[in-house]
Amino acid sequence: MQATLDAVALKPFTRALTCLSKYGDDLTIYATPDALSLSATNTSLSAYSRFRYSRAFFVKYSVGEKAPRTGLFADGVELGADTDVQTVTGQLLTKAGTALSLLSILKHRTVEKTVDRCDLLVVEGAAGQEDDEDRDSLESRLIVRLHCKHGIVKTHRLLLLTPTSLMAPGVPDDPNESRLTIGPQAVKDMLDHFPSGRSSRTDPQLIWAFDDNEVQVKSLETSADSRGSAQLSTELTISADEFDTYDVFDPPIAIAFHLREFNATIAYADSMSLSLDLRFTDPAAPLFIDVEGDSIESLFVISTSQVPGGAHPNSKSNSVSASASAAASGMTASQQSRKRARGGDADGDGDISERGTSSR
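Have a look at this one:
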């Protein structure tokens with residue numbers, strides 16, 4: 001795989017990496033001739049994030065045997081209908097500093113002012129390759145090449161591992177789902193009234209109760225915090241008019257979810273000035289959030305838990321759990337909720353549902 005980003009595209013690409021770093025420790029790369037996907041899942045399998053970039057997002061983009069074997073984007077390379085359809089996958093480890101290095105490379109304070117373009121190249125390590133500075137190892141690598149002003153070129157080589165699984169939750173097509181659309185600034189104004197934890201151990205959980213004409217948001221009451229101190233319960237009522245789209249199926253309905261990954265999603269949408277499309281069905285089914293821009297599709301999936309004494313008490317709490325699906329990059333999760341008639345195949349990525357209890 002070879003891809004080139006200009007200075008304009010590099011900024012939203014880096015914002016996506018920042019958001020992904022809040023979701024999981026492993027950054028998974030999945031490239032096809034038509035699109036490049038970056039995804040991450042948290043350790044408890046309760047939240048998933050994916051960014052998909054179409055070919056149009058890049059100055060140059062190629063995947064497959066007809067990509068140039070040496071150098072970056074040699075002149076005369078043509079990608080047409082006869083290009084073999086191949087995929088490239090890899091995984092960067094944040095705990096080992098690899099993916100964090102990718103983020104730190106692109107977030108360096110000098111990048112925005114000095115870099116004209118960025119080349120990304122995935123090279124697979126194999127014995128018997130002809131001599132090439134980019135193919136000097138048996139290990140697969142992601143090569144990041146920054147072309148700076150005054151002809152300066154900086155090259156970074158990051159170890160690329162084989163993904164243990166390709167986690168991509170399929171979006172259910174449920175005729176009974178609720179749909180909401182709202183701008184990120186409006187959500188930020190709501191969340192400013194609630195404390196936000198700095199780690200998973202102090203990650204607060206909010207209850208969202210949707211009625212016909214208003215939404216009540218309140219902190220999940222607990223007797224004490226980790227230090228034994230009493231906590232203050234906060235409750236906020238918002239008019240449905242704050243939403244650009246407010247289509248709640250069978251209100252009232254209440255869902256509860258943690259804020260860490262949700263805050264990361266809001267921060268990304270706000271930095272891109274893009275609205276959020278939220279979808280959910282049962283109170284214990286995962287919350288799906290779509291944020292779409294030019295040549296960029298982003299999906300966020302956050303598990304929810306049953307609200308004690310809340311609406312639709314027959315639903316059970318869940319976690320977003322995943323299993324590999326090589327053909328469709330599918331992540332599946334078992335589901336226990338009210339049986340409902342389902343529509344067609346959604347986007348063909350797989351199934352998602354819930355089981356057990358939402359763990360952090």
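Under the UniProt record's numbering, the first residue of the sequence shown carries the number 1, and numbering increases by one thereafter.
Where is the CB? At the ideal position from N, CA and C, for every residue including glycine.
All values reported here derive from a predicted model rather than from experimental measurement.
### Message
Determine whether the beta carbon atoms of Arg117 and Thr4 lie at a separation below 9 Å.
### Response
Counting from one through the sequence shown, the residue named residue 117 turns up at place 117. Counting from one through the sequence shown, the residue named residue 4 turns up at place 4. Cβ atoms of Arg117 and Thr4: closer than 9 Å.
### Query
When you compare only the Cα positions, how much space is there between Gly343 and Asp282?
Stepping through the sequence shown from its first residue, residue 343 is reached at position 343. Stepping through the sequence shown from its first residue, residue 282 is reached at position 282. Here the model assigns Gly343 a pLDDT of 37, short of 50, so the residue's position is not dependable, and the following value carries that caveat. If you take the alpha carbons of Gly343 and Asp282, they lie about 16 Å apart.
### Message
Here's the rule I'm using: 16 or more other beta-carbon atoms within 10 Å means buried, otherwise exposed. How should Ile255 be labelled?
### Response
Counting from 1 along the sequence shown, the entry for residue 255 is found at position 255. That one is buried.
### Task
Can you grab the Cα-Cα spacing for the pair Tyr48 / Arg141, in whole Å?
As a first step, residue 48 must be located in the sequence shown, where it is residue number 48. As a first step, residue 141 must be located in the sequence shown, where it is residue number 141. Between Tyr48 and Arg141, the C-alpha separation is close to 24 Å.
### heavy atom of the ligand ATP below 8 Å from Val291 C-beta
With respect to the ligand ATP, the structure offers nothing, as it holds no ligand at all.
### Task
Excluding the 5 residues preceding and the 5 following Thr237 in the sequence, name in chain order all residues of the same chain whose CB lies nearer than 7 Å to its CB.
Mapped onto the sequence shown, residue 237 falls at position 237. If we look at Thr237 and ignore the five residues flanking it on each side, its Cβ neighbours are Glu214, Gln216.
### Query
Beta carbon of Phe280, beta carbon of Val291: below 9 Å?
On the sequence shown, residue 280 is found 280 positions in, with the first residue counted as 1. On the sequence shown, residue 291 is found 291 positions in, with the first residue counted as 1. Result no, Cβ atoms of Phe280 and Val291 do not sit closer than 9 Å.
### Task
With DSSP as the reference, label Phe257 as helix, strand or coil.
Indexing the sequence shown from 1 puts residue 257 at position 257. Strand.
### Message
Mapping the DSSP letters down to three states, classify Pro286 as helix, strand or coil.
### Response
Counted from its first residue, the sequence shown places residue 286 at position 286. In the structure shown, Pro286 sits in coil (DSSP, three-state: anything other than H, G, I, E or B).
### Query
Along the chain, where does the beta strand (DSSP E) that runs through Phe243 open and close?
Working through the sequence shown from its first residue, we reach residue 243 at position 243. Run containing Phe243: none; DSSP gives neither H nor E here.
### Task
Output the residue ranges of the beta strand (DSSP E) runs that lie fully inside the region 5-38 and measure 3 residues or longer, sorted by chain position.
26-31
### Task
In the DSSP assignment, find the unbroken beta strand (DSSP E) run with Asp189 in it and report its ends.
Position 189 of the sequence shown holds residue 189. Not the beta strand (DSSP E): Asp189 falls in the alpha helix (DSSP H), residues 184-191.
### Task
Reducing DSSP to helix, strand and coil, say where Arg117 ends up.
Here residue 117 corresponds to residue number 117 of the sequence shown, with the count starting at 1. Arg117: strand per DSSP, three-state reduction.
### Query
If you draw a straight line from the C-alpha of Pro252 to the C-alpha of Ser271, how long is it?
What you label residue 252 is simply residue 252 of the sequence shown in a count that begins at 1. What you label residue 271 is simply residue 271 of the sequence shown in a count that begins at 1. One C-alpha to the other measures close to 32 Å.
### Task
Taking Glu242 as the reference, give the member of Phe194, Leu206, Ala186 with the closest Cα.
Here residue 242 refers to the residue found at position 242 when the sequence shown is read from its first residue. It is Ala186.
### CA nearest to the CA of Ile143, picked from Met1, Phe288, Leu287
The sequence position of residue 143 within the sequence shown is 143, counting from 1. Nearest of Met1, Phe288, Leu287 to Ile143, Cα basis: Met1.
### Task
Report yes if the C-beta distance between Ile29 and Leu38 is below 9 Å; otherwise report no.
Taking the first residue of the sequence shown as position 1, residue 29 is located at position 29. Taking the first residue of the sequence shown as position 1, residue 38 is located at position 38. In contact: Ile29 and Leu38 (Cβ atoms closer than 9 Å).
#### Entry: Those residues which DSSP pairs with Lys60 across a bridge
Numbered from 1 along the sequence shown, position 60 holds the residue referred to as residue 60. Per DSSP, Thr4.
#### Entry: Minimum C-alpha distance to Gln306 - residue among Ser298, Asp294, Leu287
Looking up residue 306 in the sequence shown gives position 306. When only C-alpha atoms are compared, the closest one is Leu287.
### Query
For the beta strand (DSSP E) that contains Glu297, what are its first and last residues?
The residue labelled residue 297 in the question sits at position 297 within the sequence shown. Note, Glu297: beta strand (DSSP E), 296-302.
### Query
When burial is assigned at 16 or more other CB atoms within 10 Å of the CB, is Val8 buried or exposed?
Working through the sequence shown from its first residue, we reach residue 8 at position 8. The residue is exposed, with fewer than 16 neighbouring Cβ atoms inside 10 Å.
### Task
Starting from Asp277, follow the beta strand (DSSP E) in both directions and report where the run begins and ends.
Along the sequence shown, read from residue 1 onward, the residue named residue 277 stands at position 277. Residues 276-280.
### beta strand (DSSP E) segment containing Val215, residue limits
For this step, residue 215 is matched to residue 215 along the sequence shown. Counting along the chain, the beta strand (DSSP E) containing Val215 begins and ends at 214-219.
### Message
Classify Val115: buried if its beta carbon has 16 or more other beta carbons within 10 angstroms, exposed otherwise.
### Response
To locate residue 115, count along the sequence shown from 1; it is residue 115. Classification of Val115: buried, given that the 10 Å Cβ count is 16 or more.
### Message
Can you find the residues in the same chain that come closer than 6 Å, C-beta to C-beta, to Gly125, ignoring five residues on each side of it along the sequence?
### Response
On the sequence shown, position 125 is the one that residue 125 refers to. Excluding positions up to five away in sequence, the list reads Ser137, Leu138, Glu139, Ser140.
### Beta-carbon spacing of Arg179, Asp277 below 9 Å
On the sequence shown, residue 179 is found 179 positions in, with the first residue counted as 1. On the sequence shown, residue 277 is found 277 positions in, with the first residue counted as 1. It is a contact, given that the beta carbons lie within the stated cut-off.
### Query
Under 9 Å between the Cβ atoms of Glu261 and Lys11?
Position 261 of the sequence shown, counted from the start, is the residue given in the question as residue 261. Position 11 of the sequence shown, counted from the start, is the residue given in the question as residue 11. No, they are not a contact pair.
### Message
Pull the bridge partners of His150 from the DSSP assignment, please.
### Response
Against the sequence shown, residue 150 aligns to sequence position 150. Note: His150 sits in no beta bridge, so no partner.
### Task
List the whole-angstrom C-beta distance separating Thr32 from Thr87, where the pair is believed to meet the contact cut-off of C-beta under 8 Å.
Taking the first residue of the sequence shown as position 1, residue 32 is located at position 32. Taking the first residue of the sequence shown as position 1, residue 87 is located at position 87. So it is a contact: roughly 5 Å between Cβ atoms.
### Task
Identify, in the order they occur along the chain, each residue of the same chain with its Cβ nearer than 6 Å to the Cβ of Lys149, setting aside the five sequence neighbours on each side.
Sequence index remark: in the sequence shown, residue 149 carries index 149 (1-based). Same-chain partners within the cutoff: Thr114.
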